[in-house]
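The next block holds one structure in the form of structure tokens; read it before the comments.
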Amino acid sequence: MMSKLALAKLVTGPQEWDRRRLQVLLAIAVLVVIAVAAGIVWSVQALITGSDASASDTAASRSSEQQVTGSAQAGTTLAEAQPGPLSTGSTGTIALPQAAKLGESQVATGFPRTSAGALAQLIAIDQRAIGSASVVTAQDVIATWAMRGGPTAQTWSGVEAVTVLLSSAGLPANGSTELQIALDPAMGTVKTDPATASVIGCVDFVVTITAGRSPANRIAVADCQRMVWNEGRWMIGPGTEPVPSPSLWPGTQASYDSGYQWLEVSP
């Protein structure tokens, strides 16, 4: 296994977009995106600098969120998130409604007040924020799509993901044409949190990162958010971000075993 020192040198070394470097950046992006907000910085520091900070402060909140999401992120490995053998198993399908209009910060919206509508809104938020490959855009998105008391431009995991990825790549905060990020929602789950009457939406994306002329690299990245209906639209609700569901390559047996269902946009 690559040592943390070697990993740090690779991340901070010359800006050469080769396959090995992209894989490292992808690994860092996964650690950031799938971490709960309170553990993001620790996760990245532990990987790059060898920091052994404790995550005990978030243990209680993780336990309660796991009761809703039904998963423990610690069990996910990078290998499980990468392309792997597909299974002949099967699972259900969640029919996602189509957007009715373009909303604030150029985020698709107009989804119905249903659990599937909440999931569709989360997908639209993530695609605009993280797919922009711009810290500035991600901050603008969360500022207009999170309720008071929810994640902010300084704390949201989506902002942290883009920040770390661009920093590691040596690119500016407003992005660059050198780096392209695409999020394709493949699988997901929706559950109601009885404590808050909100919808916990979890999406297992296939994230494709293309840098310069290098071949595209793909990996599964999961995101879970608490969605609340507010003033006629779904928004990311108040409180800490839920513990993410596992980042699993869609169609593998692990993805079926986790309870994920296929996502399909309604005609």
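Numbers 69 to 335, taken from this note's numbering, label the letters of the sequence shown in order. Each residue gets a CB set at the ideal place from its N, CA and C atoms; glycine is no exception. No experiment lies behind these values; they were computed from the predicted model shown.
Three-state secondary structure (DSSP) of residue i
i: A147; result: helix
i: Q329; result: strand
i: A163; result: strand
i: P306; result: coil
i: A279; result: strand
i: A288; result: strand
DSSP bridge partner residues for residue i (one or two, in chain order)
i: R294; result: I268
i: G256; result: V271 and Q329
i: L170; result: A176
i: L251; result: V275
For residue j and residue i, the rounded distance between their alpha carbons
i: I162; j: A184; result: 7 Å
i: W330; j: G160; result: 6 Å
i: A206; j: T220; result: 10 Å
i: A322; j: E148; result: 8 Å
i: M215; j: A254; result: 27 Å
i: A265; j: M303; result: 14 Å
i: S213; j: M295; result: According to the sequence as given, residue 213 is Trp; it is not Ser. Cα to Cα, the separation comes out at about 10 Å.
i: P262; j: Q174; result: 32 Å
i: E133; j: G256; result: With a pLDDT of only 48 at E133, under 50, the local geometry of the prediction cannot be trusted, and no value is derived from it.
i: L146; j: V274; result: 13 Å
i: V227; j: Q293; result: 14 Å
i: P318; j: A237; result: 27 Å
i: S139; j: P165; result: Unreliable positioning characterises S139 in this predicted model, as indicated by a pLDDT of 46, which lies under 50. A coordinate reading is not provided.
i: G305; j: D252; result: 23 Å
i: N298; j: R181; result: 10 Å
i: Q222; j: K169; result: 28 Å
i: V101; j: R286; result: Confidence in V101 is poor, its pLDDT being 48 and thus under 50, which makes the residue's placement unreliable; the coordinate value appears in the next sentence. Rounded to whole angstroms, V101 to R286 spans 15 Å at the Cα level.
i: L247; j: A188; result: 25 Å
Distance CB(residue i)-CB(residue j) smaller than 8 Å
i: T276; j: A284; result: yes
i: S334; j: S313; result: no
i: D272; j: L316; result: yes
i: I193; j: V204; result: no
i: E172; j: S225; result: no
i: A279; j: G199; result: no
i: A186; j: V311; result: no
i: R301; j: T177; result: yes
i: Y324; j: G157; result: yes
i: G269; j: S202; result: no
CB contact below 8 Å: residue i versus chain C
i: W297; result: Checking the listed chains, one finds no chain C in this structure; it contains a single protein chain.
Residue i: CB within 7 Å of a non-hydrogen atom of the ligand HEM
i: G218; result: Of ligands this structure carries none, so the ligand HEM is not represented either.
Problem set entry | Residue ranges of each beta strand (DSSP E) within the segment 172-249, 3 or longer | Here no run is fully enclosed.
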